[in-house]
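First comes the structure, then the notes that go with it.
Numbering (my numbering), first residue to last: 717 to 893.
Here is the structure:
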């Protein structure tokens with residue numbers, strides 16, 4: 717048991733817990749059987765022999781019940797892993813009236829959204845929903861670059877017009893005219 721990573725085994729959930737319980741039950745049963753087999757019964761009195769027999773029998777029965785319970789727990793955990801219910805997820809993405817609406821993928825299949833941005837998906841596994849906004853982000857980057865270019869062009873135009881116009885700024889106030 718020294719080289720078992722207990723935290724990693726418990727991280728698997730109910731099946732890992734039941735595996736550890738089965739392992740501990742197995743070790744307990746084998747230890748008890750070894751003690752029973754290693755006991756020298758020749759020197760015991762009949763009363764002590766009967767008491768020892770009752771205690772050993774009860775101990776073995778207890779470990780068997782523990783192992784059966786743990787095995788049932790393991791089977792239930794495996795059944796829960798095998799059966800995963802379907803989960804219906806209703807998505808609503810807005811705004812949908814743009815030229816580049818977002819694209820939604822569920823388990824590598826595209827979800828069709830109606831004109832209101834509503835779509836329904838059926839999910840069986842965790843982490844299966846992926847919303848792809850690359851079209852929106854590309855359009856946003858393009859608009860940002862256009863805005864920057866327009867702002868720079870507008871600033872340059874304003875500066876040229878201000879330099880040529882006598883009415884802008886202080887005008888000819890300082891030239892004495």
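Where a beta carbon is used, it is the ideal one built from N, C-alpha and C, also for glycine. The model shown is predicted, which means the values in this text are computed figures rather than measured ones.
In this structure, residue 807 places its C-beta atom within 8 Å of the C-beta atom of residue 827.
Taking residue 809 as the centre and dropping the five residues before and after it, the same chain places the C-beta of 818 and 833 closer than 6 Å to its C-beta, in chain order.
According to the DSSP assignment, residue 876 belongs to the alpha helix (DSSP H) that extends over 850-880. The Cβ-Cβ distance between residue 753 and residue 779 does not fall below 8 Å.
When DSSP states are grouped into helix, strand and coil, residue 774 belongs to the helix group. Within the DSSP bridge table, the entry for residue 835 names 807 as partners.
Counting C-beta atoms within 10 angstroms of its own C-beta, residue 773 has fewer than 16 neighbours from the protein chains shown and is therefore classed as exposed.
Going by beta carbons, residue 793 and residue 741 fall outside the 8 Å limit. The Cβ atoms of residue 758 and residue 768 do not sit closer than 8 Å to each other. Rounded to whole angstroms, residue 764 and residue 727 show a C-alpha spacing of 46 Å. Taking the Cα of residue 735 as reference, the smallest distance to any Cα among 755, 803 and 784 is reached at 784. The Cβ atoms of residue 838 and residue 870 lie no closer than 8 Å to each other.
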